[in-house]
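Protein chains in written order, with full-length UniProt numbering: chain A, 1 to 512; chain B, 1 to 327.
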């Protein structure tokens, strides 16, 4: 009898219908100018379960988080709380519905105490509506003890390390008495031991019946902690289900599976002699032992997860970041690069990811941006020659099919794609040997994207050596002759030919 | 037509048109209005020698203002300039006690200015300290040295031929100082508006990171600007010491703010990135004319500073008020 009852219970549990989701997205669509960030996506978060949200960079994960927390309003579809449609006009509305997010970079306040950070905006009040400090510190202590954090609620946040700040952010989330906790790459900045502690915390949240949305790039983590998964690709839902029913390979396939060859230019590959040799680049914290060679006419892709040290290394190669070790040879000659000015003189130029701050000087006109690194050539004895500047600007902006009212227009008034064209024109005008493009198509519309790809192919065909840093797998696969995958500041793999597949890229980048 | 559709013109607005619609044009109208008001207010105003005297109200400050304009456009500031004058003047006075002649005094004056500028520049560009803090510090430091050396004493006894720099006339009513002012205006105007160096100054002021990423040697340019500002304070120290014929530690007290006022009144953005030398030149005349006109009317000094302050806020606020009212 007893035996029978147990078996029956087990069978019942296995077949039990899922509990009703606390929070769900139904056919949600979100559009930005030129981009459909989410189209008709569904997502369900169940009480006492961890749902992993998986996808490449740009798949729409951050947009989902912002939609769930009231920062974005969906253009179509519904947000359902306990099955009833709700609108979150502001972040406060979402918090009131019991939804809280711990972001990659949660906004906390350095100069305030830990307790103040936890209770900012909903501090316990005493007489006359004044903050009840003693009560606030007591509650903060209680929450911190509850998550196993040994932090004095009275210390100022600035005195805490990254891991403890994270715990404060989690404590803040709990103080709102959230029913849904969103964790956006919570382990990115944590050490191994701290990650273990985080797992325990997640377990205790599950036990309390909270629904958890867990966003991570790391598969080992997802398999360890998640009960369910949802995979996004290009803003669309491509699969969801129970973790028990899938393998790693299934997930990778869902993430990247698509035909990548059609949208990229077919180019004739004419790879010439070696132009750049990098040996043993080291940095105290960001990267170590980076070395590779690059040939004329070659496009070398750099793939990796955000934070793998790709941009930091490129900026070191360009003379911005100081390295502790490493040599650069250009055309076989040893070159000391200590500043961007040195790099430009040696024929290395860098198109940064952060266009508005690093790439262009947005309050200056187009022609002054384009000629800034080439002034030595357009001027005479140090005196400006405007006619020469306009001529040079016209030459290169025409090649890139720039659209602007005049060459005297400020760069800041152009669209993202046209700003990028100005930055690229600026570097081509210096007649470089090596051009480094850091996320060259990030945040620009599809049309400009294709133009940038087309142009990259053309540059390589003309014998320029191109380094392309990209987090988009299709772009990496579609454009590169060879790919270096970086992980945690080191070269994890160098891939070319048949080895170059979405699966190998993801495996090496995530270290699985 | 399809090919002309794509054609992008160099400019939509001619340089002349842009100049007519500029801040400088507005400021020039203000200067003319003050000139006319002055000539009605006092019968002594329209007199060649009186007008010549009036230029001494601004020539020395304006020399510093030219270099300061470049420094502020680049996003930095130097509040120690008046104290550099005090230190340079004290150094020259000390050299006189040791029997130095005029050529040596010039070298001492310019050299002190350069050294002070290099010190400020080093602290800002090498140590990465904010210039406003550094130069508030050196403002006390430089003048403090002057007070230690002089106490309540004064250096006198400058050579007779030294008087030319502050009291000499080149031609009729045209003073040496005015000629130097005009010459420096042209030099700084060309440097800022016609050279690669000037273009780098604007680029740095608009976006120092972007300028660095474009291959501009940002620290080097800023260091040179601090040197130039120190050098100009040295030049002003020579002129002022020569004009007064003596050195006290309180010499040029409070000038740093008048110099900054002149630069800002001239249309230079205090946050950096924009401004012009012609604007500063006109602002120098405006400030000189106002002070001189009020002086002729026997208005006390404290009222003058109230008027200058009101003028600064008024001229800066007017365009914004105009926009708010229309928008």
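Backbone N, C-alpha and C fix where the C-beta goes; we use that ideal spot for every residue, glycine too.
Proximity of the region 410-422 of chain A to the region 354-365 of chain A meets the contact definition, three or more beta-carbon pairs being nearer than 8 Å. The C-alpha of residue 163 of chain B lies about 38 Å from the C-alpha of residue 316 of chain B.
Residue burial is scored here from C-beta neighbours: residue 58 of chain B has at least 16 other C-beta atoms within 10 angstroms and is therefore classed as buried.
Separation of the CB atoms of residue 201 of chain B and residue 70 of chain B is rounded to 5 Å, and the pair is thereby assigned contact status at 8 Å. Along the region 375-387 of chain A, the positions whose C-beta sits under 8 Å from a C-beta of chain B are 375, 376, 379, 382, 383, 384, read in chain order.
The residues 282, 489, 490, in chain order, have a CB closer than 7 Å to that of residue 288 of chain A in the same chain once the five nearest residues on each side in sequence are set aside. The beta carbon of residue 284 of chain A lies closer than 8 Å to those of 324 in the same chain, with the five residues before and after it left out.
For residue 23 of chain A and residue 147 of chain A, the gap between their C-alpha atoms comes out near 24 Å.
Of the residues assessed, residue 145 of chain A falls on the exposed side of the cut-off, its CB having fewer than 16 other CB atoms within 10 angstroms. With a threshold of 8 Å between beta carbons, residue 336 of chain A makes no contact with chain B.
The three-state secondary structure of residue 24 of chain B, taken from DSSP, is helix. Judged by DSSP in its simplified three-state form, residue 26 of chain A adopts strand. Between residue 485 of chain A and residue 496 of chain A the beta-carbon gap is near 12 Å, outside 8 Å, which marks them as no contact. For residue 126 of chain B, no CB of chain A lies under 8 Å from its own CB, so it is not counted at the interface with that chain. Distance from the CA atom of residue 245 of chain A to the CA atom of residue 230 of chain A, rounded to whole angstroms, is 13 Å.
In the three-state reduction of the DSSP assignment, residue 185 of chain A falls in the coil class. When secondary structure is reduced to three states using DSSP, residue 42 of chain A falls in the strand class. With respect to the 8 Å criterion, residue 314 of chain A and residue 466 of chain A are not classified as neighbours on the basis of their beta carbons.
Bounds of any alpha helix (DSSP H) do not take in residue 154 of chain A, whose DSSP letter is neither H nor E. For residue 278 of chain B, the CB contacts under 6 Å within the same chain, skipping 5 residues up- and downstream, are 24 in chain order. Within the region 84-137 of chain B, the complete alpha helix (DSSP H) segments of 4 residues or longer fall at 102-121, listed in chain order. In this structure, residue 98 of chain A sits near residue 178 of chain A, with a CB-CB distance shorter than 8 Å.
If you look at residue 335 of chain A, you'll find it in the beta strand (DSSP E) that goes 333-335. Taken through DSSP and simplified to helix, strand or coil, residue 102 of chain A comes out as strand. Secondary structure remark: continuous alpha helix (DSSP H) runs of at least 4 residues inside the region 431-463 of chain A, in chain order: 446-461. Across the set B:148, B:7, B:286, the C-alpha of B:286 shows the shortest separation from the C-alpha of residue 266 of chain B. Pairing residue 436 of chain A with residue 409 of chain A gives a Cβ-Cβ distance that is not under 8 Å.
Of the other Cβ atoms in all chains shown, fewer than 16 fall within 10 Å of the Cβ of residue 9 of chain B; this residue is therefore exposed. Cβ-Cβ separation between residue 302 of chain A and residue 343 of chain A: approximately 17 Å, too far for a contact (criterion under 8 Å). Residue contact check for residue 464 of chain A against chain B: no CB pair falls below 8 Å. Taking 3 residues as the minimum length, the beta strand (DSSP E) runs contained wholly in the region 311-393 of chain A are 325-330, 333-335, 348-351, in order along the chain. Contact check for residue 106 of chain B against residue 268 of chain B fails: the beta carbons are separated by 8 Å or more. At a Cβ-Cβ threshold of 8 Å, residue 291 of chain A and residue 278 of chain A count as neighbours. Secondary structure of residue 223 of chain A (DSSP, three-state): helix.
Interface annotation, residue 203 of chain B: in contact with chain A, CB-CB separation under 8 Å.
Within the same chain, Cβ atoms closer than 7 Å to the Cβ of residue 135 of chain B are found at 77, 78, 79, 80, 120, the five residues on either side in sequence being excluded.
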